[in-house]
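Using my numbering, you'd call the opening residue of the sequence shown number 57 and step up by one each time.
Ideal Cβ positions, reconstructed from N, Cα and C, are used throughout, including at glycine.
Predicted, not measured: the structure shown is a model, and the values here were computed from it.
The block underneath contains the structure these notes are about, expressed in structure tokens.
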Amino acid sequence: MSHIVFSVESGDRLVLMKPVSSPYEKAKLTPIVLSFIQAPRIARRAAGGEFSEEDPCAYEAAELIRSRFIGKPVRFIEDYYNENLQRSGGRISLQSGEDASQLLLQEGLALIPPKIPQGMDKPLFDTYTSCMNQARKAKKGLFAADAAGKVRSLKNLAPDEQEAVLTPFVGKELLCRVEKVLSTTGLVLSSSELGDVQVPVRFTGILDKDLDGVELLELGKVYVERFILNRNVQVRVDGFDKFNNTMISVVSKKGTFQEELLSKGFVKLHNATLALSDRVEQLQKAELQAKENHVGTWKNFVAKDDAPQKVVSGDAAPQDGLPTTLPDGTAGPRFTGPLLFEGKLVQVVQGDILVVQESNTNTLYRLSLAGVRCSRNISRSPEGSAPETRVTYDDYAWESKEFVRSHYIGKKVTVQVEYARCIPKTMEVRPAAVITDVDSGDNINAALIESGFAHFFLAKSDVCSCVTELKTAEENAKEAQKGIYGEKHNIPVKVVELNRLGESKAKYYLNFLQKGMQGGRPPVLSGVVDVVLGPSSLRVFIPKERFQISVKLAGITTPQSPFGAAPHEVSPLAEEAKLFTINLLQQRDVNVQVFFSDRGGNFICGVSLPDGTNASVALAEAGYASVSNADKLPFCHELCDAEEKAREAKLNIFDETRGEVPISAAKAAASADPFGLSKVTDDSSKLLPYVITEVGEDGISVYLQDCTPETEEASGKMQALVNKASTVGPLCANPKKGELVVALYAADNLWCRGKVLKVNKASETVDVKFIDFGNADSVSLSNVHSIPSDADFNIVRDAAPYARLAHLAFLKQYKENESATQSCIEAIYDFSTDVLAKAVYKDASGSTYFTVTTNENVASLNETLLQRGLAMLDQRAQTVDPKEYKRHEAAKDIARKGHKGIWQFGDIEEDDDL
């Protein structure tokens, strides 16, 4: 017997598993459908939570196969492979010879077509037909007079309805069937005592988070499925946790199934729900057993008594700071920051995660509120970096953040660090503290709990100096039935985050933000600055439209930091300017006027505080910004006056300039042969991190900017020199084609190196290509400066462009359809900004062809464009890398066979590619 029946999805659909020798061996699963027969369709839960209609006798058919075959070894004979279902079609039989298909037909719970199906042997068809005719004669199953009534009407329960149904069974045992395994600790159950409902539940006292890798989560889930999926089990209803989840234990004479999972190291103890169990000691012993056996998540566990001792001699002092513990139980990095300090609350990341600026050093500390737990029920659709992301805040996740922001942002606070945690995913050492408002004396931890937007929670190793105050606050919230302790469930808050929209979509949303414009003046909108990204870059929430938008402050240019640079590599002025904006605007209520949008989808806005302070004017007055493109702004004169005052006082950017160390790059030689291709074998042929800064007009090329620390450091130095050249360099009165200049990119108010493409004398503008980013724009002559001849500016003249043109390997533009090219460009913009890329080959002219992806284990950008039918396959590259060429050819065939994109109306002649 080569397989074991792993699960039964319906009467004729099963999943088989190859036997495994260890719980930690990855199981090989084979989904199958019983060949040549059709069983009734069972009800399925849709995405919205409702159930589909069920065919008569569908449950009886599934139950028959489940009761006879689940968990048993079977012999599987494959007859065909069903492409539509992505399943193998075949027959299974037990060691006794009992055949599943014949069993269903004999009981009248499946049908066979009147004519012999293709590929079926006639003797087998005659056997199946005979079985079905016997059931028809005996009026069994589907042929019974009451067959139409054998249909379940499954319904979906709301959380409060589920609690009402299960409350009478708390502390009691029920015979249940495990319908689905959601995770190692989550199940969906049904029971005859509960009626036609399926309820999601969680195992009491265990947790499958913070384990050692994703693979262990998958192994744990499969382990649960192997032993209890589609089985009837005895379930004890233990109660409900603080988030209204139903907590259960699967019990037997040997104990609970949680003990089995703990002993194998697939889960950890969860103190928040452990008290609901009546087998606390047994659960603790099971976890201890896993630690001693070094299995599962505890394979690297070292007990404190067994840990190697550090010998300290002489005057050596013990290690300072608060300790942390990693998920495997070993000691993590220590928190070595101050344990007691005063500062200003500058950001509320979530209700219980705050950022405080320390008063003496201006250092920003990210802190958790000790003893406080807010909801993490925040969902994003779609995941990733989509231009439009719909974010839903449920279970008072939004209200908890707003409570702290509206009451305490900008206040002077005292921070007392109680303990520290190491966040596994990022290895961030985050202190947990009690934070007190100096002016009012409010304990922010207790105030948040008493508002009803958070729970009191301490892990077993956590300590807190104000436990009594926090418990009292929770009791007060319960008594007043506030927030999460009230009878009514809150209405989720939904926000649309707009990010990297692109020019066309930004203009679409601009219409909403400028609705009600009068006399060319946009309306004043109320907003909240969610986060400060840079000195003049913000993320602002507009409550009226429920949008969160990217904002650039209008009328100014500020010092820029190199993208992704380490703190010590950031320009001091850029960091100071950003800190100035943080203290002025971050998470404050503001008034916003949206003037226009740029090519990147940012909205150029005037932002002011309720007291009338204009952010752009404040930055200019402090010497952190220069006036740029402010002619048409209503506060233009204020900006100019503010800049003049800062310039006269020589504040910040007007104080001094800094020279930089030059770097150089060799230019690639060109060849006359445009079709000679050669494979790249140097270091650039390995996947390296880049940023896509622009998309080529042909739709199959991009501009890539290195993400290495060396490049980012050089870019920061270059920007400082370019900014200096824009002030000391003479205006370029007679620019010539091909001349390298310093020009202002108006959309971002940023001075950049550019090469002159064309001079438009009539309009007194110059077409400039910004060589460090790859994009081009028409720039007024007044915003074009020559590069000074001083030796200090050699780097500006000689350094190679930071943006390199990368043609997408194996692709060719489909020139017959302009819409396909435009679709290509849009698809690349939507792909990702941060990418991995490698050079594959070069042509004789020196052009390099790249593969661009986000992960080496997923489809590349090149393959994605081919799969969507947006580009053609370049057959010239067939001999350069035959293996990679075949992958891309397979991607093209997906679009061709599916008639996608340029293949919509059939095959395209490609002979001219050769």
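Cβ-based burial, residue i [other Cβ within 10 Å; buried from 16]
{"i": "Ser231", "result": "Looking at the sequence itself, residue 231 is Leu, so the reference to Ser does not match. Flag for Leu231 reads exposed."}
{"i": "Arg174", "result": "The sequence as given places Gln at residue 174; Arg does not occur at that position. So Gln174 counts as exposed."}
{"i": "Ile262", "result": "buried"}
{"i": "Arg69", "result": "buried"}
{"i": "Ala781", "result": "buried"}
{"i": "Phe9", "result": "An answer regarding residue 9 cannot be provided, because it is not within the stretch 57 to 970 covered by the chain."}
{"i": "Thr749", "result": "buried"}
{"i": "Met573", "result": "exposed"}
{"i": "Arg952", "result": "buried"}
{"i": "Lys571", "result": "exposed"}
{"i": "Ser369", "result": "At Ser369, the pLDDT of 33 sits below 50, so the modelled position is not reliable; the number obtained from the coordinates is stated separately. So Ser369 ends up on the exposed side."}
{"i": "Lys341", "result": "exposed"}
{"i": "Met483", "result": "exposed"}
{"i": "Ile60", "result": "buried"}
{"i": "Lys634", "result": "buried"}
{"i": "Gly732", "result": "exposed"}
{"i": "Leu8", "result": "Because the chain is modelled from 57 through 970, residue 8 falls outside the range shown and cannot be assessed."}
{"i": "Pro20", "result": "In the structure as shown, the chain starts at 57 and stops at 970, and residue 20 therefore has no counterpart that could be examined."}
{"i": "Ile958", "result": "buried"}
{"i": "Leu800", "result": "buried"}
Simplified DSSP state of residue i, which is helix, strand or coil
{"i": "Asn212", "result": "coil"}
{"i": "Leu382", "result": "coil"}
{"i": "His693", "result": "helix"}
{"i": "Glu163", "result": "coil"}
{"i": "Gln174", "result": "coil"}
{"i": "Leu504", "result": "helix"}
{"i": "Gln537", "result": "coil"}
{"i": "Thr445", "result": "strand"}
{"i": "Gly830", "result": "coil"}
{"i": "Arg124", "result": "helix"}
{"i": "Glu398", "result": "strand"}
{"i": "Phe225", "result": "helix"}
{"i": "Cys772", "result": "In the sequence on display, residue 772 carries Gly and not Cys. In this structure, Gly772 counts as helix in the three-state DSSP scheme."}
{"i": "Met188", "result": "helix"}
{"i": "Arg765", "result": "Here the sequence assigns Pro to residue 765, which means Arg is not the residue at that position. Pro765 falls in the helix class under three-state DSSP."}
{"i": "Glu601", "result": "coil"}
{"i": "Val523", "result": "helix"}
{"i": "Lys82", "result": "coil"}
{"i": "Ser247", "result": "coil"}
{"i": "Lys550", "result": "strand"}
{"i": "Glu106", "result": "coil"}
Beta-carbon proximity check, residue i vs residue j, cutoff 8 Å
{"i": "Phe597", "j": "Asp586", "result": "yes"}
{"i": "Gly794", "j": "Lys811", "result": "yes"}
{"i": "Asp886", "j": "Pro443", "result": "yes"}
{"i": "Val207", "j": "Leu213", "result": "no"}
{"i": "Glu945", "j": "Leu929", "result": "yes"}
{"i": "Leu378", "j": "Val306", "result": "no"}
{"i": "Ala346", "j": "Leu318", "result": "yes"}
{"i": "Gly321", "j": "Val280", "result": "no"}
{"i": "Ala426", "j": "Val485", "result": "no"}
{"i": "Cys692", "j": "Val607", "result": "no"}
{"i": "Asp451", "j": "Arg429", "result": "no"}
{"i": "Ile148", "j": "Phe132", "result": "yes"}
{"i": "Ile500", "j": "Val460", "result": "yes"}
{"i": "Ile304", "j": "Val323", "result": "no"}
{"i": "Ala102", "j": "Ala117", "result": "no"}
{"i": "Ile756", "j": "Leu922", "result": "no"}
Margin query: Which runs of the beta strand (DSSP E) at least 3 residues long sit entirely within the stretch 850 to 932? Give them in chain order.
Written below: As summarised for the stretch 850 to 932, the continuous beta strand (DSSP E) elements at least 3 residues long and confined to that stretch are 859 to 864, 890 to 898 and 904 to 909, given in chain order.
Next item on the list: Specify whether the stretch 484 to 503 and the stretch 538 to 553 touch according to this definition: at least 3 beta carbon pairs, one from each stretch, less than 8 Å apart.
Entry: The stretch 484 to 503 vs the stretch 538 to 553: no contact.
Notebook entry, point to check: For the 8 Å Cβ check, are there 3 or more pairs between the stretch 253 to 270 and the stretch 185 to 201?
Noted result: The answer is no - the stretch 185 to 201 does not touch the stretch 253 to 270, with fewer than three Cβ pairs under 8 Å.
Next item on the list: Please go through the stretch 260 to 305 and give each complete alpha helix (DSSP H) segment of 4 or more residues, from N-terminal end onward.
Entry: Taking only runs of at least 4 residues, the alpha helix (DSSP H) segments lying wholly in the stretch 260 to 305 are 270 to 284.
Next item on the list: Indicate whether the contact test is met: 3 or more Cβ pairs, each with one atom in the stretch 238 to 252 and one in the stretch 328 to 342, closer than 8 Å.
Entry: A contact between stretches requires three or more CB pairs, one per stretch, nearer than 8 Å, and the stretch 238 to 252 fails this requirement with the stretch 328 to 342.
Item checked: Length at least 3, wholly inside the stretch 777 to 805: the beta strand (DSSP E) runs in chain order -> With a minimum length of 3 residues, the continuous beta strand (DSSP E) runs that stay inside the stretch 777 to 805 are 796 to 801.
Margin query: Does the contact criterion of 3 or more C-beta pairs under 8 Å hold for the stretch 887 to 900 versus the stretch 848 to 861?
Written below: Touching, no.
Notebook entry, point to check: Is the stretch 786 to 793 in contact with the stretch 827 to 846, if contact means three or more CB pairs nearer than 8 Å?
Noted result: Enough Cβ pairs lie closer than 8 Å, so yes.
Margin query: Going residue by residue through the stretch 625 to 695, where are the continuous beta strand (DSSP E) segments of at least 3 residues, counting only ones entirely within it?
Written below: DSSP runs (the beta strand (DSSP E)) wholly in the stretch 625 to 695: 645 to 653 and 659 to 664.
Next item on the list: Please go through the stretch 126 to 162 and give each complete alpha helix (DSSP H) segment of 4 or more residues, from N-terminal end onward.
Entry: Within the stretch 126 to 162, complete alpha helix (DSSP H) segments of at least 4 residues are found at 156 to 162, given in chain order.
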